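**Q**
Numbering (my numbering), first residue to last: 22 to 244.
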C-alpha cells in the first residue's frame, strides 16, 4: 500500500522508534544472559570450596556474601524483566503502526513480536517451558546453593558437629530456600492488574484490519 506523502515523516519516526526499541531489548537481553552465565559458575566454584578441613567460618561468610549478592542481582533482573516486557508491548504496537506483514493468514498485521510462538510445551505435562521458568530454575538453584554453603558452615561451628550432620543440615536448608525462591518468583511472574489492562487495551485498540486502521489514521492526521 502506497503511503500518502504527508505521512512520510511520521513513518520515519515510527521506524526509528522501532529500531531504538529493538536495540534496548537486545541490551536488556544481553545483560540477562551475562548474569545467567556468571552466576552458576561462581556458585559452583564456591561450593567446590567445601572440602574436608575447610574452615566453617569461611564457608559461612562466603555463603552469606554470595546469597545476598545473588538476591541483589535477582532484584535487578526482576526490574529489568518488567522494563523488557514493557518494551515488548511497545514493539508490538509499533509493528502494527508500521503495517508489518503477518505470518498468519487470519491476521492482517504482524511482526517478530506479534507473531511470536505461543507458549505450549510442558515438562512432565505440568511445568511450562519458557523463559521465565528457566530463570526461576537458575535463580532457585543458585540461592539454594549459597544457602547450603552458609548453613553448612554455620552448623560446622557447633561443638562435635559431624561431617554427615553438617551436610544434611546444609542440604535441608538449601532445598528449603530453593523451593521458597521458586514460589516467590512464581508470584512475581504473574501479570499485575496494570499489565493486564495494557494488554487488553492493545488487543482492543488494534482489533480492526490494517486497512481500517490506515483510513482512521489518515483522517486523524488530516484533522
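Don't be surprised by glycine CBs; every beta carbon is placed ideally from N, CA and C. Quantities reported herein were computed from a predicted structural model and do not represent experimental measurements.
(1) Tell me whether the beta-carbon of residue 68 lies closer than 8 Å to the beta-carbon of residue 178.
(2) Report the rounded CA-to-CA distance for residue 111 versus residue 104, giving the unit in angstroms.
(3) Checking 8 Å against the spacing of the C-beta atoms, do residue 160 and residue 95 come in under that value?
(4) Taking residue 117 as part of the alpha helix (DSSP H), name the residues at either end of that continuous run.
(5) Just to confirm, is the Cβ distance from residue 162 to residue 199 under 8 Å?
(6) Output needed for residue 150: all residues of its chain with C-beta closer than 8 Å, excluding positions within five of it in sequence on either side, in chain order.
(7) If you drop the 5 nearest sequence neighbours on each side, which residues of the same chain put their C-beta closer than 6 Å to that of residue 203?
(8) On the DSSP bridge assignment, give the partners of residue 144 in chain order.
(9) For residue 135, count the other beta carbons within 10 Å of its own beta carbon; 16 or more makes it buried, fewer makes it exposed. Which is it?
**A** Looking at the coordinates:
(1) Cβ distance not < 8 Å, so residue 68 and residue 178 don't count as in contact.
(2) Going by the C-alpha atoms only, they are around 11 Å apart.
(3) For residue 160 and residue 95, yes; Cβs fall inside 8 Å.
(4) Where residue 117 is concerned, the enclosing alpha helix (DSSP H) stretches over 77-118.
(5) Cβ distance < 8 Å, so residue 162 and residue 199 count as in contact.
(6) If we look at residue 150 and ignore the five residues flanking it on each side, its Cβ neighbours are 140, 142, 143 and 144.
(7) 157 and 161, listed in sequence order.
(8) DSSP lists 148 as partners of residue 144.
(9) Residue 135 is buried by the Cβ-count criterion.
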